[in-house]
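Take the sequence shown: its letter number 44 is residue 102 in my numbering, and every next letter is one higher. Glycine is no exception: its CB is placed at the ideal position from the N, C-alpha and C atoms.
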Amino acid sequence: PLTFALQLMPYTDFVINMKKDPHFIKALVSKSTEIGNAFLGALKDAGAELAVICEHYLQLLSPKMWQDFSLDFLAKQTAVFEYNVLHTCGNVEKQLTTLATQISNIPNLQFINFSHEVSISHMAEVYGDSMGLCGNIDHIHLLPSAKTEEISSACKSAITEGLKASAFMLGPGCEITIDTPEENVKAFVESAELYGRYPS
């Protein structure tokens with residue numbers, strides 16, 4: 059909801075108005091939620107079975123701002139599908155920790171996806187059995203530039219940490235970029251298959 063709203067006006071104006079005119083910004087995020095839900099409904103009608111809700115800009119907000127301008131609308135966004143994943147970007151460990159109770163209470167939200175800047179082990183401690191975790195392979199430096207054995211090692215470490223969570227999906231921190239070599243993507247997928255089925 060917030061990420062889409064941020065696309066509708068200049069960033070600087072948006073951020074200034076979060077302080078100067080929060081009622082307007084909340085109305086804008088509310089309208090963005092309505093539009094997003096209409097899109098999600100169309101996807102559901104076309105056969106989609108779950109939604110990944112991408113809030114890319116939460117890393118820019120304090121936990122209080124996140125709660126005021128995003129969390130209150132996420133519950134409406136997750137109402138369309140029975141299964142939802144919340145995708146976040148950047149170092150949002152503080153936000154995810156501070157707001158763990160509120161996030162865990164969002165209906166139909168089963169997983170949080172986060173970047174390599176967020177600790178899987180810490181998130182497993184914070185969320186316990188209330189939320190599945192997804193991540194946190196570095197898509198900026200590791201996947202595009204590392205050797206395949208380095209990718210395999212990182213995936214194995216992530217899966218090992220993920221065993222502490224109630225549920226875990228190996229995933230990149232965000233989109234796999236176009237400059238990522240095909241062999242690195244294959245190493246990522248093969249590592250998930252190998253260590254995910256037979257963790258050691």
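Query raised in the report: Between the C-alpha atoms of Thr91 and Ala100, what's the straight-line distance to the nearest angstrom?
Result: 14 Å
Query raised in the report: Does Asp103 come within less than 8 Å of chain C when only Cβ atoms are used?
Result: Although the question refers to chain C, the structure presented lacks it and comprises just one protein chain.
Requested in this report: Pair every Cβ in the segment 161-173 with every Cβ in the segment 188-197, then say whether three or more of these pairs are closer than 8 Å.
Outcome: yes
Query raised in the report: Based on the DSSP secondary-structure assignment, which residues constitute the bridge partners of Val14?
Result: The displayed coordinates of the chain run from 59 to 258. Any statement about residue 14 would go beyond what the structure contains.
Query - Separation of Ile195 from Ala332, as counted between CA atoms - result: As shown, the chain starts at 59 and ends at 258. That puts residue 332 outside it, with no answer to give.
Query - Val138 burial status per 10 Å Cβ neighbour count (16 or more: buried) - result: buried
Query raised in the report: DSSP beta-bridge partners for Leu118?
Result: BP columns for Leu118 are empty, so no partner.
Report task. Classify Asn166 as helix, strand or coil using the three-state DSSP reduction. Result -> coil
Query raised in the report: By a C-beta neighbour count over all protein chains shown, 10 Å radius and 16 as the cutoff for buried, is Phe97 buried or exposed?
Result: exposed
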